[in-house]
Structure formats: C-alpha cells, structure tokens
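Scroll down for the structure; my scribbles are underneath it.
Number of protein chains: 2
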Amino acid sequence: MLEEKKNKLEAIRHSLSHLMSMAIQELYPQVGLGVGPAIENGFYQDYDLPEAIGLEILPKLEKRMKELIRKNIKFEQHNVDFKQAYKFYQHDLYKTALIDDLKSVGEKSVSFYKSGEFDNLCAGSHVKSSGQIQSDSWKLEKLAGAYWRGDEKNKMLTRIYGLAFATKQELDNYLKMMEEAEKRDHRKLGKELDFFHIDEIVGSGLPLWHPKGAILWRIIEDFWYKEHLKNEYQLVRTPHIGNKILWETSGHWGFYNESMYPPLEIGQTLKENQNKEKTKNSEQFLLKPMNCPFHVQIFKNKPYSYRELPLRWAECGTVYRYEKKGELSGLIRVRGFTQDDAHIICRADQVENELKKVIDFILFIYKSFGFEIESVNVYLSIRDQELKKYAGTNQGWEFTEKVLERVALEKGLNIKKDVGGAVFYGPKLDFKVKDAIGREWQCSTLQFDFNLPERFDMTFVNEKAEKERPYMLHRALFGSFERFIGVLIEHYAGALPVWLSPVQVKIVSVGAAHAEFCQKLADEFKQNDIRVEVDESDETVGNKIRKAVAEKVPYMLVVGDRETASDKLAVRDRGEKQTREIDKERFIKEVKEKIKNRK
Amino acid sequence: MLEEKKNKLEAIRHSLSHLMSMAIQELYPQVGLGVGPAIENGFYQDYDLPEAIGLEILPKLEKRMKELIRKNIKFEQHNVDFKQAYKFYQHDLYKTALIDDLKSVGEKSVSFYKSGEFDNLCAGSHVKSSGQIQSDSWKLEKLAGAYWRGDEKNKMLTRIYGLAFATKQELDNYLKMMEEAEKRDHRKLGKELDFFHIDEIVGSGLPLWHPKGAILWRIIEDFWYKEHLKNEYQLVRTPHIGNKILWETSGHWGFYNESMYPPLEIGQTLKENQNKEKTKNSEQFLLKPMNCPFHVQIFKNKPYSYRELPLRWAECGTVYRYEKKGELSGLIRVRGFTQDDAHIICRADQVENELKKVIDFILFIYKSFGFEIESVNVYLSIRDQELKKYAGTNQGWEFTEKVLERVALEKGLNIKKDVGGAVFYGPKLDFKVKDAIGREWQCSTLQFDFNLPERFDMTFVNEKAEKERPYMLHRALFGSFERFIGVLIEHYAGALPVWLSPVQVKIVSVGAAHAEFCQKLADEFKQNDIRVEVDESDETVGNKIRKAVAEKVPYMLVVGDRETASDKLAVRDRGEKQTREIDKERFIKEVKEKIKNRK
C-alpha cells in the first residue's frame, strides 16, 4: 500500500515535469531538453534555453501548467525505433546523447510518452491523465544552474525545480517545515552569531572559525577529551600529510582516489615541480583523507601482548577530501573536516564488548547535547553480494555482519538495513539523530574492520606466544566537529544551551557611569568560570538589548542606577521579555549548575 | 682580546684540517679534496675517497697527525696564478670547481698554504707552525656523508669531523657536556619513554605521537588555552590549506617559496593531474606554511571600530614547511609543526602596551615550565640596510625597530642585536632559554609587522570615522609544540615535573592477590584527577620496579601484603632508592598541590 502510494506520487511528480516542458516549449520552441526526473519532494527538468530567465517566469509556467491539468491530457507510452528517435531529436543534442546511451547498453527500441502535442523520450512512469494531479498540491520552486551530466566541463543548463505532493495539506506542511528550516539554517546563523565564515579567497569548503565559533569548538573538544579519558581511551596525534604508500596499502587510494587531493611531490625544488620532472629523491605524499593508517603505524612501532589489548586510540584529526564545489554546503559538506576519530584494536573475544561500549558512548553523547535518544535511527550497512567493491573473505564478512547485527539488536537500537552500504573493509552502523523539527542528521559511525589489520599485517602476541591478527573498530561520535556544530546550530536554532554558549552572560551598562560596576561584576563571573561579555558602548540601551537578543545569549543583565545600588541582579532570560530579580550568589549558582549538568 | 683568542682557535682548527688532509693523502694519494673549514668546536674536511672507510681509520689518522705536530711544520702562504692553480689540481675536480668560483668573482690569483710537502688552495688563517697546537686538546670525532656543495644531486663525499680546543681541559669539558647531552637526547628519550616516533613509511620529519606523548601535549595545550583566555586572548581556528593567492599577497611566496610544499591543483580529476593538464576550474592551493593570512581574512570579514581593538587572536595551528632530509632532527627540526601562534591587531597607541604584555607572558610561560628567566637571552633582529630582502618603507622600519628596542630595554631583557636577522615584514625579538646544562634553545618569538596590514589592506574605523591601518604583532610563546616538548625532554632529561608527567603515580602489585586493591587505589587517584597506571603483570616485582624507574614516573607505590593491610602507602619518589611511608590522604594532597603549583 505504502509502496503503491509512493509510486503514484512519483508518477505525479514526473508528469508535472512533462507538463512544465510543454509549457516552456510553447515559449521556446527550440529548447534543448536535459534530464527531468521525479525527486524527493518534487521534480526538476534541465533546459538549454536561448536566453537567461528569471524567477518571473515561474508564475507564467505555473498558470499554463494548471490549464494543461484542467484539459485532462492523457499520457500514453509508445515504442520508437532508434532511427525514428534520432530523427525526432535531430535538433536536440542532449536527447540525442541520451539515445546514444540507450543504444550502447543494447536496447532494441526506446520508450516515449506522448501527452497532447508533446512527445518525449521517457521511460515513465506517469499518471494516466493530468486530471489525476491536484492543482493546488504542487508549485514551481526555484531556478538553478546545472552542468550537463553534472560535469563542470560541459555547458551549464537551466534547472527548474518544482515541489509536488499528493495533497495541498502535504505541500503546506512541507513549505512550513522549509520556512522553519530556513530560520535554523546554520549558514545564516553562523554569520549572524559570528561563529565562522567561508572565505572566497581562502577557498570553498574551508571554514574559518571566528572567536565565538572557536570557543564553542573548544568547549565541545574539551568535553570530548575528558569523556574519552573517562571511558579509558588514550590519545594519539598524527600529521596531516603522509606517504602515499600508506593509502595504497590500506586500499583507500584504489577505492576512493577521486575524493582525495592530488599527490604532493616532496623532495623536489619548485622549478623541478613546475617542470613536472621526476627526481630521484622525490616522494609522493597525500593530504590525509583519514587517520587510520597513522594509528596502524603507531601500533606497528612496537610489539603488543594480548594482555595490553584492547587499545582505544582517539584523535581529533583534521582530514581533507575533495568534493565538487556544487556539492559543498556550509559546515555540513566541506573539503576539510575534523573527525572525532578513534580506533579500537582488540582481540576476537573482546569485539562484542567493545562494540557495546561504543554504542553506549554514542547514545551518552547525543543525550549530553540534548538530542532524544529514543528517536535515533541506526542504519546497518552490509555488503551487496552482487557488487565487487569489497575487500576480504566471505567468512570475514559473514562473521562481522552477524556480530554487528546481534549487538545492535541486543542494545535495542532502531535498525534499518542498508544492503550495499558497507565500507570496502567491513560492515558498519550509522547513527542518525532527529533534530527539533524532525530532520535526520547522520552523525556517528561505528565500522567493523577485519581488512586493514590484514593489509598492514598487524599482529599481537597471544597467550600461546604466537602472532595473532587483531580486529579493528573505526568510530566517530560526532562524525566531524564541523558537521556536528552545524547540526547543533540547526537543532537549537542558534540558541545553544548555557554550557555551550560562547557568551553565557551579557552585561549591558545603561550609561557610562555604570561601566565600572559592570566590569567588576564581569570579573566576578569570570572567577566562577562563567563566560561573560560587557557591552559598555555608547549606543542606546534599547540597541544594546536588541543586539544581545540577536546574539541569543542565555542571560542578559541590564545594569543601571537601581542595580548598582542593590545586591540583586535584573536578569533577562533568553526568549523572555521581562526581567526577574535574583541574588547575585543565587544567580551564579544557577548558571554554574546548568554548566555542570550540561543544560 | 676575546676576538684574538677566537681567531687563534680558528687558526688551530683550520690547521688541523690541513694536517688531517696530509695524513689521508699519505694513505690515498689520489684523494679529492672538498671543503674543510673550521667550525664551532672543531673542524671538518670532505674527501672523495676511492673506497669506503670506517671508524677504525680515525686512530691511525690521529697518530699520524700527532707526529706531524711534533715535527713543528710551518704553514706558509703563497699566491699562485690561475694557470698554475688549474694545473696543480688537474686531477681534482672539486678543487678545480673552487678555483672556477674564485675566477668567476674576479680574483686575480689564488691563495695557497703550504705545510711541509702539502700545498693546498686555502685563504687561511693558520697557525705559524704546527707546534702551536697542543696535541691533547683535539681529537677526531666522527664520519659522515656530505653531498658536494650540499646538493643531493651531487656525489656524496666522506666528511671527517674533528673536535679542537685551545686546551685539553676545554676538550674534556666539551666531551663531558656531550655525554650529558646524549643522555638527555630527546630522540632517544622520546623512544624510551614511548612519547613519539618518526616513521620511515609515514615520512621524515613527521612525528607520530603515542599515547604518553599525546597526553603530555594535551596537558600543555590545555594550560596554554586557559592562560590565553585569562590574558584576554580569543581563539580562532583555520584550515591547513588555502589558496596560493594568500601567500602571494602576503609576500611569503615570493620570499620563501623554496621552503614551502609545491602547490596542489584543486578542481582537477586525478587523470588531469597526472597528465599535468591545466583545467579551467582548477585552483592552486598550498599547505599552510604560516597562519597569518587566515587570521587576516577573519579580520577582513567584517568592519572593526577602534573601540574593538586590540584583537588578540590565538591558534595552535599546524603548519608545514619543507626542510631537506639532512637537516631534520627529532622534534627540533621537522617538516610539520604546531605553532602556538597569535596575532595581535592593534592601534599605534596600543603597540607598546601590547609588546610589554607579550614579553610578560613569555617570561611567565618559561617560569611555569621550570626555566630560569634571568638567563634568557633575547636577540633583537633588525634590518641590515645593505640587503634588499625587506618589504615596506624606511620610516616604518625605523619606527618599529625603535619601539621594539625601547620596550625590550624597559623590560630589562638581556638583549643581543642581530643585524640582518629581521623577517621581511618587520623586526623581531627571539627568546632563547637555557636548559639545565646551559644550552640555549630558541623558543619564543615576537615579531612586529607593519607590512602585512598594508599588503592585505587591513583597516579599522578610527575616532574620526576614517579608515586607519592597524599594526600587527605575530608571536609564539613555545615557538612550536614539537620543539618545546623536545626542549622540555632535554631540560629535564625526561624526568618531567609532576604536573606534566603522563603517568604521575605508578602502582606496582607484588602478586596477583594485590591486584584488586591496586585497582581500587587507582580509582581513588583518578577521582582526584591524578594520572595513574597499575602494573599487575605477572613479572617479578624487581622487573616491575625497574620498568617504572625507566619510565621516570614521579611516584611509585609498591603494594604487597603489608600495604593492603594498612592505611599507609609506601611511596618511592623518583630518583630515590628508599620508600617513605605516608597517609593516603596526605599523599593525595601532596600530589594535587604539586599539580596545582605546576611543580
């Protein structure tokens, strides 16, 4: 039933993209047609247009599409042989290329859908007739540029996006959710709260952290380190570059080199490098795309006994991966990010216990940052046995997949299986938290690895004094600091809990006469490890208050004549318009209590 | 007088290198002669020998050199014209190349020194006769490989090093000091204490920090951050790569590109990169050799008012600089290091106060880590007006050099002037600490910059609502974490103060029966934030104690029947052979007191 509903919605979305093409073809008869699929929440279609278009075209297209819907136009499939198909599209190089593709994979003929006068190369599916589409359940959303076939070297086409649902109610819900999401957008809030910026000159996908963002990072990092030490992890620390051999050995180079930065030739002069000479002493280094091989090399530096296992080695390691510019997004999709990484090297008989401990640790972390742990969804990614992109033996895969599933079930996690989602070296659990408006964010990952120990020939000395191969778990709790901070900003709409707020108390002086009192008060807070900022600028009190509100500071204290003459503080809590009176000591205790309890 | 003594010593050292060549020429008449200067503590000479030689040759050479000294051979200078010189060295391509050099700079003839049968292209100076050399004030030290002209592409010659002083006493003092230094060698201790290793596969000059080294780093970093916040710095955080334009703008690329890694082409496919194609979307990025341009870009992200200055922005930023393999050394000379960097952006009227604050901060840091601040030498590096390697106006240089010197004098620093040592963008103060055996180590640097603000067009809005150019101070207190930790290890010969020790208390169980008691004791220490490790392995107590001694743990507790039955602890302090009895509570208090007071 659900499946059926989904298929129907997909047919509606796809049909709307055809109706949109019909409308645009009326305006631009020579328009070139790129791809136009149904997508999550709607559809899009790429067009090669003879001129640039603006948003003002959308209402025109919508109007025409609604007319077409009212005409109840039939969608009819028919097969066309290649000769005819090529002829039909002789002026459209995009469609011609798509036909080439179909021919090259051995198709005998191609499928077209005809709706009214409009005939279109298309595999479907579609509604039977346009009358099945509710006119108020969809709208055209936005314009974007999109390279033909997603390749930056090709021509940029105009993509028109539409939103489409089964009912108006669903569309309205979606629009409301989007509006809410826009308010929470960490890119917008990150700028308003002065947390970070991405600099055009420095480079795309490489955030620069301003003082308020950097202190937030440090608070989180400090918490992370302390909890890791409590949980009997040890710290390690490794460089950001290393010999390419490491990732050739690990297999990452072979499997993922397209998302790595090109090798650095080291040991050459600049001139030799510019001339692209190969010199005898030159070595190829990579910006590290992951930390594992370094941790492995630390392990291999001396022999370990079975008694010393498990080793739990943690590092907040900044890694660099190449992402296409168009795929970058704020802190969520970047080109350099700091994994809160750890590798657990253990014996077979320790694997289950270690996996359970990591799961507990992940849930503890979510709780600490104010996420509901009951709603966390966990994706168990296993092999797709049809695909050949995995390393290691069948036996190894069967064992690790089974253990991982059993442990996840025993821990009562909400598991969803993702067949084919495994990493090349083993199966994994990906944890997705739900934020305050119900969106899922991928954060933690727990990966079971039986391949790297093999590839790097890692061994420990077992009870029989023989060499034995350990297992390795890769795990990150936040995923990355950048992403996690982005998620926190969106979850809290920037109004971070007291313990995480860069400025916990903002003191606003009414006039110059109160500045000294404010500074003394601030010193007292500082001595109590409370982060405080004084605004004693010569702006109006109203302006200073508005600024503090915009900064989403948890507590604001306005200090005028009355306050300097009294022992009581006038506290304005975030989100409140009224102030409350409270003893200074009681207030300090209240704030410290919140910090301690991570509220 | 001092100068005269220095010149005499240099003549002795240089003459010994000739005597060594005489001795080696007797063994290898066809030997090629590279360079052979007097150096600090002695001399060396490079030889192109027909066979590999071992250390066993040194006593033979020494014996022959002593015979030559006893013969009181005269050193006599004479001039030779180029034709004769070339003829004399027709079989020696190294000397021939050196003669070429002299000819190319326009010399009319060349200087030779003749000692006995040995005649040698040499500008001097030398002793009058070998009898002026005390036979027991020198010795041959070691062999090394050295590329001709220091270029890895040339042939590797054999370099023989000798030590030479004016008296036997001075030689003995030096040898004793070297012996002491060898015991303190951080490369050796770093391995023994399991702090770090430099991995052949990962790459030269790129240390990997093991758990004990990484926790030491974290302790230092935590202290550093807290003190910076106390001193009203703010944190920032920036990536490890950035567009090359940044360093072209700053001038670093122009002045220092030989010590940077080659640019990374970003936005290309791997194949395009391998084929060295230039693609339209590709940009050149650099591994950051310094943090400044990033901090500048944060400053430029929004307008600042004069009221908001000074800005003090701190970052422990890992930078990468290319050093030749032969110049790398443990943690002291590396290819990637973490600067404890900060940039202070301030108005002209704030410069003096900020400089003074930084000087106070530097001295506080040295004191905190147990260095004597009275013996710190400070090198004031200014322009050499003859050289052209500086940016900016004369006026700017004069102002900044004057202010820096005045502030340093007012602060009562031991200043030594280094004419020509300035950075291209401004003058600087370099601070050198003396370690426990009197060696000087360069750590802190305080650099005065009036050029980068110009090059990046940095401005703030002054009281008249006009744009004004700020000044910028660059400063690092440790210099780099790697180097500073290296210096700490050498200073303390690995026996770090309690607050810095990775393991503060080591508990040794006598037998299996005491293991549980040990673990309970350890938990109690942990709850008091004391770093503790339990050795409950089944080795002998003697072995376990020897191991703890080798680990240089400040406190060792041996737990047997007597201790489990009592409330008292048997504590063995580092360096002591006897244990002392102490109440557990008092002991915990003692350790916590040390940690708090950074002892």
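The listed protein sequences correspond, in order, to chains U and D.
Last residue of the first sequence: 937 (the numbering used here), numbering continuous.
Last residue of the second sequence: 937 (the numbering used here), numbering continuous.
Note that the Cβ used here is the ideal one computed from N, Cα and C, for glycine as well.
Bear in mind that the values here come from a model prediction, so they are computed numbers and not experimental data.
Asked                                                                                                                                                                                       : Found
Return yes when the Cβ of residue 407 of chain D is within less than 8 Å of the Cβ of residue 471 of chain D, no when it is not.                                                            : yes
If you reduce the DSSP assignment to three classes, tell me which class residue 923 of chain D lands in.                                                                                    : helix
On the premise that residue 388 of chain D lies in contact with residue 381 of chain D, defined as a C-beta separation below 8 Å, what is that separation, rounded to the nearest angstrom? : The pair is not a contact, with the Cβ atoms about 23 Å apart (cut-off 8 Å).
Measure the C-alpha to C-alpha separation of residue 365 of chain D and residue 399 of chain D and round it to an integer number of angstroms.                                              : 9 Å
Indicate whether at least one CB of chain D lies closer than 8 Å to the CB of residue 576 of chain U.                                                                                       : yes
Would you decide whether residue 851 of chain D is buried or exposed? Buried here means 16 or more other CB atoms lie within 10 Å of its CB.                                                : exposed
Whole angstroms is fine: what's the gap from residue 350 of chain U's alpha carbon to residue 464 of chain U's?                                                                             : 6 Å
For residue 649 of chain U and residue 594 of chain D, I'd like the C-alpha separation in whole angstroms.                                                                                  : 42 Å
Does DSSP put residue 517 of chain U in a helix, in a strand, or in coil?                                                                                                                   : helix
Runs of 3 residues minimum, wholly inside the stretch 526-612 of chain U: which ones carry the beta strand (DSSP E) assignment?                                                             : 534-536, 545-547, 579-581 and 602-604
Quick one: does residue 552 of chain U have its CB under 8 Å from some CB of chain D?                                                                                                       : yes
State yes or no: is the C-beta of residue 784 of chain U within less than 8 Å of the C-beta of residue 772 of chain U?                                                                      : no
Taking contact to mean 3 or more Cβ pairs, one atom from each stretch, closer than 8 Å, check whether the stretch 415-422 of chain U and the stretch 440-453 of chain U are in contact.     : yes
State buried or exposed for residue 757 of chain D, treating a residue as buried only when at least 16 other CB atoms are found within 10 Å of its CB.                                      : exposed
Could you check which residue in U:501, U:900 and U:907 has the C-alpha nearest to that of residue 514 of chain U?                                                                          : U:501
Which residues in the same chain have their Cβ closer than 7 Å to the Cβ of residue 790 of chain U, if we skip the five residues on either side of it in sequence?                          : 588, 630, 634, 763 and 810
Along chain B, which residues have their Cβ under 7 Å away from the Cβ of residue 623 of chain U?                                                                                           : Structure shown: chain B not included; protein chains present are U and D.
Taking the runs of the beta strand (DSSP E) that are 3 residues or longer, which of them lie wholly in the stretch 770-821 of chain U?                                                      : 778-787 and 809-818
Can the beta-carbon of residue 638 of chain D be found closer than 8 Å to that of residue 788 of chain D?                                                                                   : no
Taking the runs of the alpha helix (DSSP H) that are 4 residues or longer, which of them lie wholly in the stretch 693-751 of chain D?                                                      : 732-748
Would you kindly check if the distance between the Cβ of residue 891 of chain D and the Cβ of residue 844 of chain D is under 8 Å?                                                          : yes
Examine chain U for any beta-carbon lying closer than 8 Å to the beta-carbon of residue 677 of chain D, and answer yes or no.                                                               : no
Could you say if the stretch 736-745 of chain U and the stretch 775-782 of chain U meet the contact criterion of at least three C-beta pairs nearer than 8 Å?                               : no
Please list, in chain order, all residues of the same chain as residue 370 of chain D whose beta carbon is under 6 Å from its beta carbon, the five residues on each side excluded.         : 386, 430 and 432
If contacts are defined as beta-carbon pairs under 8 Å, then residue 674 of chain U and residue 544 of chain U qualify, I think. What distance do you get, rounded to the angstrom?         : 6 Å
What does residue 894 of chain U pair with, by DSSP beta-bridge criteria?                                                                                                                   : U:844 and U:910
Going along chain D in order, which residues have a C-beta closer than 8 Å to the C-beta of residue 428 of chain U?                                                                         : Going along chain D, no residue has its Cβ under 8 Å from residue 428 of chain U, so there is no contact; the nearest lies around 30 Å.
Going along chain U, which residues have a C-beta under 8 Å from residue 415 of chain D?                                                                                                    : Result: empty, since nearest Cβ-Cβ is about 39 Å, beyond 8 Å.
May I have the straight-line CA-CA distance separating residue 339 of chain U from residue 504 of chain U, to the nearest angstrom?                                                         : With a pLDDT of 49 at residue 339 of chain U, under the threshold of 50, the modelled position of that residue is not reliable, and the figure given next carries that caveat. In a straight line, the C-alpha of residue 339 of chain U is about 15 Å away from that of residue 504 of chain U.
If contact means a Cβ-Cβ distance below 7 Å, which residues of the stretch 555-583 of chain U contact chain D?                                                                              : 555, 556, 563, 572, 573, 574, 575, 576, 577, 578, 579, 580, 581 and 583
May I ask you to list, following chain order, the residues of the stretch 519-548 of chain U that have a beta carbon less than 7 Å from some beta carbon of chain D?                        : 535, 537, 539, 540, 541, 544, 546, 547 and 548
Is the Cβ of residue 875 of chain U closer than 8 Å to any Cβ of chain D?                                                                                                                   : yes
Cβ closer than 7 Å: which chain U residues qualify as neighbours of residue 656 of chain D?                                                                                                 : 578
Excluding the 5 residues flanking residue 541 of chain U on each side, which residues of the same chain have their C-beta closer than 8 Å to its C-beta?                                    : 673
Which partner residues does residue 630 of chain D have in the DSSP bridge list?                                                                                                            : Answer by DSSP bridge pairing: none, since residue 630 of chain D is not bridged.
Of all Cβ atoms in chain D, is any one closer than 8 Å to the Cβ of residue 872 of chain U?                                                                                                 : no
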